[in-house]
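Quick notes on the structure that follows.
In the numbering used here, the protein residues as written are 4 to 220.
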């Protein structure tokens, strides 16, 4: 997630409210209620300000959020990981299975996946897909390798005896075209949806269409 908010308070509450509208919109356009997911692994979870939105949209799923850059601090000295873990704990207190980890998705192994037999979904909301934005954010360019992330999801899927899907959301046509190229190169028949700014501009600050993809591995 790449929207820069340097101070979590008082921004977090409005941002979570906006997420409660944006994320269900994106997920509904792509999933269409066709699959009931039992586990969701959210890659690049930032401080998981949208965790509650995920929990509402996936009422039967165990949730796991992963964030590589979890050590990034806000002006009040809290880290992304501090906030992400607090949100996961809030969901646990509400009776949900949820966990937030400050870790690299590429280090995830199949035994780390929440136990279950139902469909599993990997979500990538606004991942880096090109070098320059990644470097500008202060991360090494290797973390802009979207192909490596999808390949890793495929590797994990091959080790599990369950249905596995990947969903990704991207900013603008250019990033969407890069993601489409990755799916095509890997032989994955990803369905594409374009969400226009007029559908979300009242509550989310993005000037470009959002492009989403979903595919079964």
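Each residue gets a CB set at the ideal place from its N, CA and C atoms; glycine is no exception.
Report the three-state DSSP secondary structure of residue i (helix, strand or coil).
i	result
residue 102	strand
residue 11	Note that residue 11 scores 40 on pLDDT, short of 50, meaning its location in the model is unreliable; the coordinates nonetheless yield the value given after this. Three-state DSSP puts residue 11 in coil, outside helix and strand.
residue 215	strand
residue 162	coil
residue 140	coil
residue 207	coil
residue 177	helix
residue 23	helix
residue 2	As shown, the chain starts at 4 and ends at 220. That puts residue 2 outside it, with no answer to give.
residue 133	coil
residue 5	Summary for residue 5: the model assigns pLDDT 42, below 50, so the residue's position carries little reliability; its value from the coordinates is reported in the next sentence. Note: residue 5 maps to coil in three-state DSSP.
residue 184	helix
residue 68	strand
residue 201	helix
residue 146	helix
residue 118	coil
residue 30	helix
residue 86	helix
residue 154	helix
residue 17	helix
Are the C-beta of residue i and some C-beta of chain B separated by less than 8 Å?
i	result
residue 158	The structure shown has no chain B; it contains just one protein chain.
Can you tell me which residues form a DSSP beta bridge with residue i?
i	result
residue 39	DSSP, once it has assigned bridges, lists no residue as partnering residue 39.
residue 95	Bridge partners of residue 95: none, in fact.
residue 170	126, 217
With residue i as the anchor, note down where its alpha helix (DSSP H) starts and where it stops.
i	result
residue 194	Taken as a continuous stretch (DSSP letters only), residue 194 belongs to no alpha helix (DSSP H), being part of the beta strand (DSSP E) at 194-198.
residue 57	54-60
I'd like the span of the beta strand (DSSP E) that includes residue i, first residue to last.
i	result
residue 108	First-last for residue 108: undefined, no H or E at that position.
residue 189	Where residue 189 is concerned, there is no enclosing beta strand (DSSP E), given that its DSSP letter is neither H nor E.
residue 123	123-128
Taking 8 Å as the threshold, find out whether the segment 30-47 comes into contact with the segment 119-138 through three or more Cβ pairs. yes
Cβ contact (3+ pairs, closer than 8 Å) linking the segment 58-68 and the segment 22-31: yes
Counting Cβ pairs closer than 8 Å, one from the segment 112-127 and one from the segment 34-44, do we hit at least three? yes
Does the contact criterion of 3 or more C-beta pairs under 8 Å hold for the segment 143-156 versus the segment 183-203? yes
Is the segment 156-168 touching the segment 109-124, taking contact as three or more C-beta pairs under 8 Å? The answer is yes - the segment 109-124 touches the segment 156-168, with three or more Cβ pairs under 8 Å.
Pairs of beta-carbons, one from the segment 211-220 and one from the segment 166-173, closer than 8 Å: are there three or more? yes
So, does the segment 79-97 touch the segment 132-146, judging by three or more C-beta pairs under 8 Å? no
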